[in-house]
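Residues 20 to 101 in my numbering are what the sequence shown spells out, letter by letter.
Where is the CB? At the ideal position from N, CA and C, for every residue including glycine.
The structure appears below as structure tokens.
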Amino acid sequence: TGWPSFTRPLVTENVTADTDFKLIYPRTELRSKHGDSHLGHVFNDGPEPTGLRYCINSASLRFVAVEKLEDEGYKEFVANFK
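In structure tokens form, the structure reads like this:
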């Protein structure tokens, strides 16, 4: 799609979803709950297991190498990579 896409948020509680009418059809906009910044949109055409496609703007992502997760404060997510 040109955007990084995911089947679900890493932490659901950190994301809000609201209907966006900025185009000719309604979309579900994703925003950061804490920063109120635009993250991207979620669509109903994704793969299993959720059937959803979280299309996230790359500018809202920060790459952290798996070996640096703990040092960067993301210890709770290390198990996702094993």
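Comparing C-alpha positions only, which one of 62, 34, 86 sits nearest to residue 46? 62
Which runs of the beta strand (DSSP E) fall wholly inside the stretch 61–98 and span at least 3 residues, in chain order? 72–75
Pick helix, strand or coil for residue 100, following the three-state DSSP scheme. helix
Given a cut-off of 8 Å, decide if residue 49 and residue 58 are closer than it, judged by their beta-carbon atoms. yes
Can you look up residue 31 in the DSSP assignment and give me helix, strand or coil? helix
Quick check on the burial criterion: 16 or more other C-beta atoms within 10 angstroms. Buried or exposed for residue 27? exposed
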